[in-house]
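Single-structure report; data block below.
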Amino acid sequence: MSDLKQKLDYVLQKIERARIAYSRHQVIKLIAVSKYSAVQKIAELYSCGQRAFGENKVQDLKVKSEELIRLPLEWHFIGSLQTNKINMLLELNPFLIHSIDSLRLAQELDKRCALRQKKMRVLLQVNSACEENKNGVRIQECLEIYHQIKTGCKNLKLEGLMCMGANSLDITKVEKSFRITKDLFDDLQDPEAKILSMGMSNDYEIAIANGANLLRIGSEIFKSSF
Ligand SMILES: *Cc1c(COP(=O)(O)O)cnc(C)c1O
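So the mapping is simple: our numbering equals the position in the sequence shown, first residue as 1, plus 637.
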């Protein structure tokens, strides 16, 4: 068995254990974050059954998705999105943009979608760890901005929330940031809000314990040792 397949299986086992501990009814999907990785590895992971991949730079998404155009991959954009990259990103037709971090960005994206008569699936990113250097709307504004996007941006299909866990070795802090996001998610009162994107290599089991259903895992799958 290849090293990569072994690592994928290891991660899938950990996810499954955490999923069952949370709820047998929870359906969880994994995005393999390929930003550290060359296209051969992505193709190899595809041959192991992995379909969803994530990139955090528009340029990298372009290069990799075009090189792998022959494979039916599902590409997620998870990084911070500059206005001058919106057109390039829309050309690439990503499956989901996780990182809408302001009303202004949503409105700009909506406008560009309207011009192209295109609908785009998006998540609102919330800075639930309240860290200065993190993107995302503030906790207190999250519900209001969510509904402003919902009612004002007709070309966006807003389907839930995304966050990054607190950058801390203190598990209670990490837990708190996920719990806050889950509480906001439960308060959305939107039947289309199905996606709670949280959990990375260092914290996905904690994210699952707090209701995450879309995981973004990179280094634990792609880096050369456990
Ligand atoms: C890089 C990245 C990830 C994956 O991080 P790992 O720690 O490598 O699993 C997840 N989400 C975002 C937004 C990222 O930029």
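Cβ atoms here follow ideal geometry from the backbone N, Cα and C, with glycine treated the same way.
### Query
Under a Cβ-count criterion, where at least 16 other Cβ atoms within 10 Å of its own Cβ denotes burial, should ALA844 be classed as buried or exposed?
ALA844 counts as buried, since no fewer than 16 other beta carbons sit within 10 angstroms of its beta carbon.
### Message
Any heavy atom of ligand 1 inside 7 Å of the beta-carbon of ILE652?
### Response
Incorrect: ILE652 has no Cβ contact closer than 7 Å to ligand 1.
### Query
By Cβ distance below 7 Å, which residues in the same chain neighbour SER674 in space, the five residues on each side in sequence not counted?
Apart from the 5 residues on each side of it in sequence, SER674 sits with its Cβ closer than 7 Å to the Cβ of PHE859 in its chain, given in chain order.
### Task
Return yes when the Cβ of THR720 is within less than 8 Å of the Cβ of GLU692, no when it is not.
Between GLU692 and THR720, the gap from beta carbon to beta carbon reaches 8 Å or more.
### Message
Just to confirm my understanding: we take ARG775, look at its own chain, exclude 5 residues before and 5 after, and list those with CB closer than 7 Å. What are they?
### Response
These residues qualify, in order along the chain: ASN764.
### Message
If I follow the unbroken alpha helix (DSSP H) through LYS651, where does it start and stop?
### Response
Counting along the chain, the unbroken alpha helix (DSSP H) around LYS651 starts and ends at 640–659.
### Residues proximal to ligand 1 by C-beta, any heavy atom closer than 5 Å
For ligand 1, the selected residues are VAL670, ASN693, ILE715, MET837, SER838, ARG853, ILE854, GLY855 and SER856.
### Message
In the DSSP assignment, the beta strand (DSSP E) including PHE690 goes from what residue to what residue?
### Response
PHE690 -> beta strand (DSSP E) spans 689–692.
#### Entry: Neighbourhood of VAL759 by C-beta distance below 6 Å, restricted to the same chain and skipping five residues each side
Cβ neighbours of VAL759 beyond the five flanking positions: ILE734, ILE737, LEU793 and LEU795.
### Query
For GLU842, which three-state DSSP category applies?
The answer is helix: DSSP assigns GLU842 an H, G or I state.
### Meets three-Cβ-pair contact criterion under 8 Å: the region 829–838 and the region 796–806
Yes, they touch.
### Task
Identify every run of the beta strand (DSSP E) within the region 663–749, keeping only runs that are complete inside it and at least 3 residues long; order them along the chain.
The qualifying runs are 666–670, 689–692, 711–714 and 733–737.
#### Entry: 4-residue-minimum alpha helix (DSSP H) runs that sit fully inside the region 755–787, ordered along the chain
Qualifying alpha helix (DSSP H) stretches: none in this window.
### Task
Taking only the alpha-carbon atoms, compute the straight-line gap between PHE863 and ILE668 and give it to the nearest angstrom.
Confidence at PHE863 is low in this model, with a pLDDT of 42, below 50, so its placement is unreliable and no value can be given for it.
#### Entry: Length of the line joining the Cα atoms of LYS672 and LEU825
Put simply, the backbone Cα of LYS672 is about 31 Å away from that of LEU825.
### CA-to-CA distance, SER717 to ASP640, given in whole angstroms
Each residue's alpha carbon lies about 31 Å from the other.
### Task
Spell out the partners DSSP gives MET799 in its beta bridges.
Paired residues: GLN762 and SER834.
#### Entry: Pick from GLN643, LEU649, ARG749 and LEU729 that is closest to LYS678, judged by C-alpha positions
The closest CA to that of LYS678, considering only GLN643, LEU649, ARG749 and LEU729, is found on GLN643.
### Query
Just the Cα atoms here: how many angstroms apart are LEU752 and LEU727?
Each residue's Cα considered, the two are about 11 Å apart.
### Task
Please report how far the alpha carbon of TYR659 lies from the alpha carbon of LEU851, in whole angstroms.
Their Cα atoms are separated by approximately 14 Å.
#### Entry: Distance, GLU681 Cα to ARG856 Cα
Residue identity differs from the one stated: residue 856 is Ser in this sequence, not Arg. If I take the Cα positions, the gap works out to 16 Å.
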